[in-house]
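For the record, in the sequence shown the residue sitting at position 84 is 87 according to my numbering, with numbers rising by one throughout.
For every residue, glycine included, the Cβ atom is placed at its ideal position computed from N, Cα and C.
Quick caveat: nothing in here was measured; it's all calculated off a predicted structure.
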Amino acid sequence: MPVRRWSLPLLVTLLATSAGSLAAAGPPAQPADQLTTAWHDGALRTDPAGLVSRSDLVQEGPAWRAYQAMPLGNGVLGAAVWAEKGFSAQLNRVDTFPELKSAGRLVVPGLDPLMRAADYTGRLAMYDGQLVQRGGGMSARSYVRADADQFVLEVTGADPGKTQTADLKLWEGRTPTADATGAVASLAETFRDTASGSLTGAVAALTARARDVSASVVDPLTVRITFRPNADGSFRLVVGVPSYQGGDVATAARRAVTESKSKHLDWWHAFWAKAAPMRITSADGTGEYVEAVRTLQLYTMAASMRSPVPSTHGAVVRMFSSAKDQADWAQDSYWHFNLRMIISTNLGAGIGEFNAPYFRFYLDRADLMKKWTHDHWFNAQGTCVPEFLRYDGTGDGCDNMSEPGWVKRILSSGPELVNNIWWQYRYTGDRKLLDRAYPLIREIAEFHLAALTPGEDGYLHLEHVNALEVQWDTNDPAPDLAAMRVIFPIVADLAQARGDAAFAARLRAAVEKLPPFRTVQRGGEEVLAWSGTDEEAHNTQNPEMEVLWPWGLFEETSELMQATYRQRVYPQDKDWGMDTTWAARLGLADEVKRLMLKGIQDFQIFPNGFTVHRTGREPVRQQSFYNEWGGVVTTGLQEALIQSYDGVVHVAPAWPSEWDVAGSVEIEGGHRISTEVRDGVPSLVGIEAGSRETLRVRNPWPGQQVRVIDSRGQTVVGPVGDDVLTVPVLANQSYVVERVAVPLSSFKHVRLTGEPASAVKTVGTRMLGVPKSEPPMLSDLVTVRTPDKLSNLVKAQPGAEIYVDRSYKITDLPAELTGQAMVPGSNDDSKLTAPADYLTLNLTGPATVYVAYDPRGENDWWPAWLSTFTRTDQTVGTTDQRLLLFKREVPAGQLALGPNSGLEGKGNSSYLTFVTPR
Numbered sequence: 004m005p006v007r008r009w010s011l012p013l014l015v016t017l018l019a020t021s022a023g024s025l026a027a028a029g030p031p032a033q034p035a036d037q038l039t040t041a042w043h044d045g046a047l048r049t050d051p052a053g054l055v056s057r058s059d060l061v062q063e064g065p066a067w068r069a070y071q072a073m074p075l076g077n078g079v080l081g082a083a084v085w086a087e088k089g090f091s092a093q094l095n096r097v098d099t100f101p102e103l104k105s106a107g108r109l110v111v112p113g114l115d116p117l118m119r120a121a122d123y124t125g126r127l128a129m130y131d132g133q134l135v136q137r138g139g140g141m142s143a144r145s146y147v148r149a150d151a152d153q154f155v156l157e158v159t160g161a162d163p164g165k166t167q168t169a170d171l172k173l174w175e176g177r178t179p180t181a182d183a184t185g186a187v188a189s190l191a192e193t194f195r196d197t198a199s200g201s202l203t204g205a206v207a208a209l210t211a212r213a214r215d216v217s218a219s220v221v222d223p224l225t226v227r228i229t230f231r232p233n234a235d236g237s238f239r240l241v242v243g244v245p246s247y248q249g250g251d252v253a254t255a256a257r258r259a260v261t262e263s264k265s266k267h268l269d270w271w272h273a274f275w276a277k278a279a280p281m282r283i284t285s286a287d288g289t290g291e292y293v294e295a296v297r298t299l300q301l302y303t304m305a306a307s308m309r310s311p312v313p314s315t316h317g318a319v320v321r322m323f324s325s326a327k328d329q330a331d332w333a334q335d336s337y338w339h340f341n342l343r344m345i346i347s348t349n350l351g352a353g354i355g356e357f358n359a360p361y362f363r364f365y366l367d368r369a370d371l372m373k374k375w376t377h378d379h380w381f382n383a384q385g386t387c388v389p390e391f392l393r394y395d396g397t398g399d400g401c402d403n404m405s406e407p408g409w410v411k412r413i414l415s416s417g418p419e420l421v422n423n424i425w426w427q428y429r430y431t432g433d434r435k436l437l438d439r440a441y442p443l444i445r446e447i448a449e450f451h452l453a454a455l456t457p458g459e460d461g462y463l464h465l466e467h468v469n470a471l472e473v474q475w476d477t478n479d480p481a482p483d484l485a486a487m488r489v490i491f492p493i494v495a496d497l498a499q500a501r502g503d504a505a506f507a508a509r510l511r512a513a514v515e516k517l518p519p520f521r522t523v524q525r526g527g528e529e530v531l532a533w534s535g536t537d538e539e540a541h542n543t544q545n546p547e548m549e550v551l552w553p554w555g556l557f558e559e560t561s562e563l564m565q566a567t568y569r570q571r572v573y574p575q576d577k578d579w580g581m582d583t584t585w586a587a588r589l590g591l592a593d594e595v596k597r598l599m600l601k602g603i604q605d606f607q608i609f610p611n612g613f614t615v616h617r618t619g620r621e622p623v624r625q626q627s628f629y630n631e632w633g634g635v636v637t638t639g640l641q642e643a644l645i646q647s648y649d650g651v652v653h654v655a656p657a658w659p660s661e662w663d664v665a666g667s668v669e670i671e672g673g674h675r676i677s678t679e680v681r682d683g684v685p686s687l688v689g690i691e692a693g694s695r696e697t698l699r700v701r702n703p704w705p706g707q708q709v710r711v712i713d714s715r716g717q718t719v720v721g722p723v724g725d726d727v728l729t730v731p732v733l734a735n736q737s738y739v740v741e742r743v744a745v746p747l748s749s750f751k752h753v754r755l756t757g758e759p760a761s762a763v764k765t766v767g768t769r770m771l772g773v774p775k776s777e778p779p780m781l782s783d784l785v786t787v788r789t790p791d792k793l794s795n796l797v798k799a800q801p802g803a804e805i806y807v808d809r810s811y812k813i814t815d816l817p818a819e820l821t822g823q824a825m826v827p828g829s830n831d832d833s834k835l836t837a838p839a840d841y842l843t844l845n846l847t848g849p850a851t852v853y854v855a856y857d858p859r860g861e862n863d864w865w866p867a868w869l870s871t872f873t874r875t876d877q878t879v880g881t882t883d884q885r886l887l888l889f890k891r892e893v894p895a896g897q898l899a900l901g902p903n904s905g906l907e908g909k910g911n912s913s914y915l916t917f918v919t920p921r
């Protein structure tokens with residue numbers, strides 16, 4: 004049954020919480036005198052460095068492929084780092100609108116010996132915000148400074164007598180200004196938005212702290228510095244990437260690489276000291292994997308969410324891209340639906356300050372959204388927040404003057420914004436945010452009041468609106484009815500406190516006239532309906548489940564809600580599905596675990612932890628890293644461990660019994676609730692109070708006698724056996740809920756820590772970290788001049804991947820080709836009929852060049868240039884198609900091969916090229 008939605012006094016002052024940590028996870032149940040806990044002297048004690056290092060991404064081999072790139076960032080500037088060409092780092096700012104084009108790619112060939120060393124090791128060390136790589140007597144430490152928009156690469160062990168180069172480069176289609184002045188090389192470009200007239204841009208400036216440094220312009224898209232390492236074999240590269248809107252490039256570049264004293268490590272260590280920890284252990288390693296997903300999500304938030312705008316667009320975190328300027332979706336706009344899970348993640352993890360870009364984005368555009376509303380919604384009052392909002396304040400949504408569509412009439416985004424502002428205040432005590440946001444909050448509530456239409460049944464209805472993207476022209480969507488039931492009382496209280504009694508009365512009266520949720524039969528059970536009509540579905544969201552999260556109007560005892568969950572039409576088929584949180588709120592511990600592991604298998608295809616939007620994808624074909632699944636997992640874990648949305652603190656209400664956990668979750672009021680769970684049973688519950696309040700805490704041990712003690716050991720509550728405890732707490736004071744039979748005094752104190760990850764983590768076919776793999780082949784005979792994407796030679800052998808954009812492999816090939824250089828193909832280019840020099844090879848000596856062609860093109864689309872080759876009776880077997888082999892004897896020099904197809908619009912698998920000495 005529905006529970007009463009409650010709000011606490013508006014003027015409560017939430018003070019800072021004390022440093023948090025948690026109880027140590029331990030072995031299965033033992034005698035009490037052998038149990039351990041990290042709670043000591045009124046607080047939980049942790050070793051953040053050891054704990055975070057458990058989740059480091061280990062590189063057992065270098066990340067040779069761009070999709071394996073490791074993310075680094077400072078919230079404004081991001082980098083994707085991998086091993087191509089020795090060392091590659093694509094640099095991306097969060098604000099180069101409208102297309103978020105990259106600032107460029109750093110390439111350092113001199114690190115190739117490190118990457119190819121037999122003793123190579125690598126690690127994304129999240130506690131330090133650094134990627135550390137070692138091998139062959141060299142080391143490379145790279146990071147984006149937390150306190151400056153600078154990418155830094157520190158190298159030791161280089162040959163002091165060998166001249167090195169480092170390039171900054173862009174690619175076809177870009178038009179930078181290239182400059183080389185003294186020891187600084189730079190690329191600068193600006194971007195004018197034709198729609199808004201705004202001007203953005205970036206300069207990427209490169210220099211070295213080394214000997215004999217000089218800069219040069221290689222070509223219009225490439226600049227270079229040349230240098231010798233210091234006498235001890237060390238050098239330091241600095242790439243400054245500030246915002247740039249024009250002006251003297253040399254001056255901007257010089258300023259960009261000017262360094263101040265770094266506070267990088269201090270910043271990252273302070274972040275991890277504040278973040279709520281969570282350590283999960285399990286017999287099969289799945290718990291540790293999920294823990295790492297959560298740690299990566301917190302790391303990603305710290306590395307990407309510190310600018311005036313959010314870092315994700317349709318869940319694509321563009322600032323960590325390694326795919327040049329390619330990305331899914333519109334990079335100039337934001338879907339609210341894809342931002343919400345990171346808000347809940349950050350609040351529960353005690354890092355709510357990283358929600359600031361989200362709030363700034365909407366609040367800074369309040370006037371623009373109001374204008375948009377009145378231009379696109381007939382008879383509008385107040386402000387509607389478009390579900391799809393461009394960075395310039397224009398949108399696609401809040402529009403009833405055009406035909407219904409995907410986001411045209413979604414109205415629930417505005418109430419979600421109101422709810423998130425309210426929870427941000429309740430969690431963090433940010434009164435300035437609440438005061439600044441109140442005018443917009445009021446405008447959003449005013450819009451919804453005006454949009455309601457009285458019906459003959461006496462209720463107020465929303466008509467001709469969306470139910471998310473599922474139904475496009477329906478009435479009374481479940482998310483909207485739930486939203487108004489929640490936000491109208493909140494806004495009424497805020498209005499009343501500001502002397503606006505009339506508006507408060509209108510809101511309270513409207514709540515009483517909202518229609519009940521409609522129910523329907525589905526799968527033989529009565530369930531909540533998506534809306535007031537049965538209009539067909541256009542997308543795979545579950546609108547009816549929104550009433551549970553984010554709106555919290557039902558809880559686990561509701562059979563209607565349990566049935567609605569069981570019969571939901573679209574169970575977690577996209578990475579944004581909040582199914583794990585719904586399962587947690589319904590007390591379904593086994594479902595929480597099952598859904599998390601299924602989602603990892605379905606979506607987390609990249610070894611850096613990022614995901615794709617939907618199932619059935621392979622990493623070599625994807626251009627975008629998504630990060631919303633990490634928010635889904637983290638929110639689900641937090642809700643499974645600690646819940647308080649219904650006004651009662653629930654401890655481990657849906658925690659999987661196969662996972663032992665020691666963890667903390669922040670709740671409203673600024674309180675940090677910590678516990679350890681072994682074999683499904685909590686041992687202790689710690690409360691680090693953030694404000695003066697009376698908490699209601701469900702007894703974690705039903706039927707057992709419990710008491711609450713403060714940090715001095717004095718009894719505050721109990722002993723009692725009540726189902727729900729009433730616990731008065733004071734700000735900055737600590738409390739323990741303990742069993743009378745197993746008190747805190749019976750536990751031995753052991754600080755929570757961990758050992759650094761030592762291997763790639765795996766669950767099923769998914770992994771976190773980079774395994775060893777065959778490096779790109781080095782050849783004295785052949786190099787690829789164009790295209791750049793085919794420039795990494797592959798050693799021809801069974802198991803070798805044959806395309807740069809597919810995962811097909813060689814199964815068999817002639818003996819004379821085994822171990823020779825192969826130029827992989829690009830299946831995305833299979834239908835190209837130009838240019839004539841599609842593939843250009845540089846040959847240092849006479850060679851035999853083979854091309855392996857798809858037989859399906861014979862007498863159809865094979866190109867004319869293939870006739871210059873001699874057909875053999877040999878073939879190359881692949882997991883895609885058996886290919887026919889052609890060959891040609893060629894002299895040293897340059898050789899151009901044409902496109903795959905000779906007929907417009909035709910072409911199957913792309914050809915492969917093999918080169919052998921003659």
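Next item on the list: Mind checking which residues open and close the beta strand (DSSP E) that includes I813?
Entry: I813: member of the beta strand (DSSP E) spanning 813–815, first to last residue.
Checklist line | Selected residue, minimal CA-CA separation from G458, among R788, R439, L471, N478 | finding: Ranking the options by Cα distance to G458, first place goes to N478.
Note to self: Restricting to Cα atoms, I'd like to know which of W552, P574, L589 is closest to Q565.
What the structure shows: Out of W552, P574, L589, L589 has the C-alpha closest to the C-alpha of Q565.
Next item on the list: Enumerate in chain order the residues of its own chain whose CB-to-CB distance from S761 is below 8 Å, with the five nearest sequence positions on each side excluded.
Entry: For S761, where only same-chain residues beyond five positions count, the Cβ hits under 8 Å are V61.
Note to self: Which same chain residues end up closer than 8 Å to W475 when comparing Cβ atoms and leaving out the 5 residues on each side of it in sequence?
What the structure shows: Taken in chain order, the residues that qualify are P407, G408, W409, K411, R412, N469, E538, H541.
Next item on the list: Starting from the Cα of S694, find the closest Cα among Y430, S56, V623, R231 and give me that residue.
Entry: For S694, the closest of Y430, S56, V623, R231 by C-alpha to C-alpha distance is Y430.
Notebook entry, point to check: Opposite D222 in the DSSP bridges: which residues?
Noted result: Beta-bridge partners assigned by DSSP to D222: T225.
Notebook entry, point to check: What residue range is occupied by the uninterrupted alpha helix (DSSP H) comprising W426?
Noted result: Taken as a continuous stretch (DSSP letters only), the alpha helix (DSSP H) holding W426 covers 416–431.
Note to self: Are the CB atoms of V206 and V252 within a distance shorter than 8 Å?
What the structure shows: Yes, Cβ-Cβ distance for V252 and V206 is below 8 Å.
Check: At what residues does the alpha helix (DSSP H) containing N349 begin and finish?
Finding: Segment 343–351, the alpha helix (DSSP H) holding N349.
Notebook entry, point to check: P920 bridges to which residues according to DSSP?
Noted result: DSSP, once it has assigned bridges, lists A850 as partnering P920.
Checklist line | For S237, three-class secondary structure by DSSP | finding: Coil at S237, not helix or strand.
Note to self: Could you tell me the alpha carbon to alpha carbon distance between Y914 and G828, rounded to whole angstroms?
What the structure shows: Between the alpha carbons of Y914 and G828 lies a gap of roughly 6 Å.
Item checked: Which residues DSSP lists as bridging Q136, in chain order -> According to DSSP, Q136 bridges with G125, A143.
Next item on the list: Name, in chain order, the residues that DSSP records as bridge partners for S91.
Entry: For S91, which the question treats as bridged, DSSP gives the partners W85, V110.
Check: Is the beta carbon of L835 sitting closer than 8 Å to the one on L898?
Finding: Cβ atoms of L835 and L898: not closer than 8 Å.
Note to self: Is the separation between the beta-carbon of D150 and that of V244 shorter than 8 Å?
What the structure shows: No.
Checklist line | Residues near A839 by beta carbon distance below 6 Å, same chain, minus five either side | finding: For A839, same chain residues with a beta-carbon under 6 Å away, outside a window of 5 residues either side, are G901 in chain order.
Notebook entry, point to check: Can you round the beta-carbon distance between G633 and G612 to whole angstroms, since I take them to be within the 8 Å contact cut?
Noted result: Contact holds; Cβ gap of about 7 Å.
Notebook entry, point to check: Across which residues does DSSP place S189 in a beta bridge pair?
Noted result: The partner list for S189 (beta bridge, DSSP) reads D182, A208.
Check: Under 8 Å between the Cβ atoms of L54 and R282?
Finding: Cβ distance < 8 Å, so L54 and R282 count as in contact.
Notebook entry, point to check: In chain order, which continuous runs of the alpha helix (DSSP H) of length 4 or greater are located wholly inside the stretch 290–356?
Noted result: If we require 4 residues or more, the alpha helix (DSSP H) runs fully inside the stretch 290–356 come out as 343–351.
Item checked: Which residues DSSP lists as bridging Y738, in chain order -> Residue pairing by DSSP puts Y738 in a beta bridge opposite I690, D713.
Notebook entry, point to check: Shortest alpha-carbon distance to F238 belongs to which of T618, S904, K165?
Noted result: Put simply, of T618, S904, K165 the residue whose alpha carbon is nearest the alpha carbon of F238 is K165.
Checklist line | Among V97, R859, D831, the one whose alpha carbon lies nearest that of Y337 | finding: Closest option to Y337, judged by alpha-carbon separation, among V97, R859, D831: V97.
Checklist line | Cβ-based neighbour list, P232, same chain, cut-off 8 Å, excluding 5 preceding and 5 following | finding: Hits under 8 Å: V158, A161, D162, P163, K165, Q167, A213, R214, F238.
Check: Which residues mark the beginning and the end of the alpha helix (DSSP H) in which G634 is found?
Finding: Where G634 is concerned, the enclosing alpha helix (DSSP H) stretches over 631–644.
Margin query: Tell me whether D438, by its Cβ, gets closer than 7 Å to a heavy atom of the ligand COA.
Written below: Ligands in the displayed structure: none, and consequently the ligand COA is not present.
Margin query: On the CB-based measure, 16 or more other CB atoms within 10 Å of its CB, does Q717 come out buried or exposed?
Written below: Q717 should be labelled exposed.
Next item on the list: Verify the CB distance criterion: does R137 have a CB-CB separation below 8 Å to chain D?
Entry: Protein chains in the displayed structure number just one, and chain D is not present.
Next item on the list: Find the nearest neighbour of E594 within the set Y573, H616, R569, judged by alpha-carbon distance.
Entry: If you compare the alpha carbons of Y573, H616, R569 with that of E594, the shortest gap goes to R569.
Item checked: Closest Cα partner of G580 within the set I603, E804, Y247 -> The residue with the shortest Cα to Cα distance from G580 is I603.
Note to self: I need the DSSP call for P30, collapsed to helix, strand or coil.
What the structure shows: With a pLDDT of 37 at P30, under the threshold of 50, the predicted position of this residue should be treated as unreliable, and no value is reported.
Margin query: So, does the stretch 351–358 touch the stretch 271–279, judging by three or more C-beta pairs under 8 Å?
Written below: Yes: at least three Cβ pairs fall under 8 Å.
Next item on the list: Can you tell me which of A657, V111, T916, Q248 puts its alpha carbon nearest to the alpha carbon of A86?
Entry: The candidate whose alpha carbon is nearest that of A86 is V111.
Check: When you compare only the Cα positions, how much space is there between M372 and G398?
Finding: Rounded to the nearest angstrom, the two C-alpha atoms are 8 Å apart.
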